[in-house]
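Engineer: Questions regarding the structure given below will be posed in turn.
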Amino acid sequence: MAKLIYSAITSLDGYIEDEDGQFDWAEPDEEVHGFINDLERSVGTYLYGRRMYETMAGWETDPALAARSELMRDFAQIWQAADKVVYSRTIESAPTARTRIERDFDPEAVRQMKDSATSDLSVGGPGLAVDAFKAGLVDECHLFLAPIVVGGGKRSLPDDVRLELELLDEHRFGCGMVYLRYRVKA
6 MAKLIYSAIT SLDGYIEDED GQFDWAEPDE EVHGFINDLE RSVGTYLYGR RMYETMAGWE
66 TDPALAARSE LMRDFAQIWQ AADKVVYSRT IESAPTARTR IERDFDPEAV RQMKDSATSD
126 LSVGGPGLAV DAFKAGLVDE CHLFLAPIVV GGGKRSLPDD VRLELELLDE HRFGCGMVYL
186 RYRVKA
C-alpha cells in the first residue's frame, strides 16, 4: 500500500502564506530544491485543490520555470511524469497532461487509490489536506520550516485535528530551513 504524504513549506509560526497571500519567503534555495526533488521522485500521484493545482500547473504550462536551472528542469520533469487529481467544482478542464478533475473529495476513493498505487501519493494545499487529515488518510507529514515568522495568514496544518506523530527524519539546511518528516501514529 502506498503512503499519502502531506508536504508543505511553512513559516516557523505555521503559515504557508502570509496575510497578503504571499509566499515568496518560502522559495527554496538550490540545496533545499535538490532535497525536495529527491523526495518527490517517490510520488506517483498528486492530489490538489484548485488553488494549489493552478499554482503547480506552471511546472508544465510555463517553460520559463524549467529553464531557470537544472534543478527546476528536474522538478518539472518529476511533476509532469506524475498523475494529478484536482478536486474542484469550477475547473472544467485541465491544461496539464495526466490530470483528471473530481468534483468532490471522496475519502473512500482515495483509500482505494492508496491500496492500488505502486508509488506514494501527495496531498498538496492545506484546504484539501484538512479533508485528508480528518478522514485519517495522511500517513506522513513532510514539513520544511522556513526561518521566518509571518504573524498570520493561511495555516499549514488544520486547527481542529489532533494527531500523534513520530519523528522519522530531520535535516538542517545552510539557509536556516529545517526539514521534519513525521509518521502519523495509528
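Numbering of the sequence shown is given in my numbering, commencing with residue 6 and proceeding in unit increments. Using N, Cα and C, we set each Cβ at its ideal position, and we do this for glycine too.
Please classify M6 as buried or exposed, where buried requires at least 16 other C-beta atoms within 10 Å of its C-beta.
Structural biologist: The residue given as residue 6 occupies position 1 in the sequence shown. Exposed is the call here.
Engineer: Give me the Cα-Cα distance between Y92 and G19, rounded to the nearest whole angstrom.
Structural biologist: Counting from 1 along the sequence shown, the entry for residue 92 is found at position 87. Counting from 1 along the sequence shown, the entry for residue 19 is found at position 14. Distance between the alpha carbons of Y92 and G19: 24 Å.
Engineer: Are there 16 or more other CB atoms within 10 angstroms of the CB of E75, so buried, or fewer, so exposed?
Structural biologist: On the sequence shown, residue 75 is found 70 positions in, with the first residue counted as 1. Looking at its Cβ environment, which holds fewer than 16 other Cβ atoms inside 10 Å, E75 is exposed.
Engineer: Using CA atoms only, rank isn't needed, just tell me which of V189, M77, G181 is closest to L172.
Structural biologist: As a position in the sequence shown, residue 172 is number 167, starting the count at 1. The residue with the shortest Cα to Cα distance from L172 is V189.
Engineer: Would you list the residues sitting across from G54 in a DSSP beta bridge?
Structural biologist: By one-based count along the sequence shown, residue 54 stands at place 49. Answer is Y92.
Engineer: Starting from A69, trace the alpha helix (DSSP H) in both directions and tell me its first and last residue.
Structural biologist: For the purposes of this step, residue 69 is taken as residue 64 along the sequence shown, with counting starting at 1. Counting along the chain, the alpha helix (DSSP H) containing A69 begins and ends at 68-72.
Engineer: Could you give the distance in angstroms between the alpha-carbon of F110 and the alpha-carbon of E24?
Structural biologist: Here residue 110 refers to the residue found at position 105 when the sequence shown is read from its first residue. Here residue 24 refers to the residue found at position 19 when the sequence shown is read from its first residue. About 27 Å.
Engineer: What three-state label does DSSP hand S12 in the structure shown?
Structural biologist: In the sequence shown, counting from the first residue as 1, residue 12 sits at position 7. Of the three classes helix, strand and coil, the one that applies to S12 here is strand, per DSSP.
Engineer: For C146, is the classification buried or exposed, using 16 other Cβ atoms within 10 angstroms of its Cβ as the cut-off for buried?
Structural biologist: Numbered from 1 along the sequence shown, position 141 holds the residue referred to as residue 146. Buried, because 16 or more other Cβ atoms sit within 10 Å of the Cβ of C146.
Engineer: Is the separation between the beta-carbon of Y200 and that of G129 shorter than 9 Å?
Structural biologist: Any property of residue 200 remains undetermined from this structure, which presents the chain solely from 6 to 191.
Engineer: Quick one: any contact between the segment 68-87 and the segment 34-54, if contact means 3 or more CB pairs under 8 Å?
Structural biologist: With a cut-off of 8 Å, the segment 34-54 and the segment 68-87 count as touching, because enough Cβ pairs lie within range.
Engineer: So what's T60 in DSSP terms, helix, strand or just coil?
Structural biologist: Here residue 60 refers to the residue found at position 55 when the sequence shown is read from its first residue. Helix at T60.
Engineer: Does the beta-carbon of L9 have 16 or more other beta-carbons within 10 angstroms, so that it is buried, or is it exposed?
Structural biologist: Residue 9 sits at position 4 when you count from the first residue of the sequence shown. It is buried - the Cβ of L9 has at least 16 other Cβ atoms within 10 Å.
Engineer: Of the residues L133, D120, D174, M182, which one's Cα is nearest the Cα of E107?
Structural biologist: Within the sequence shown, residue 107 is the residue found at index 102, counting from 1. Looking at the Cα atoms, L133 is the closest of the given residues.
Engineer: Quick one: what does DSSP say V166 is sitting in, helix, strand or coil?
Structural biologist: In the sequence shown, counting from the first residue as 1, residue 166 sits at position 161. In this structure, V166 counts as coil in the three-state DSSP scheme.
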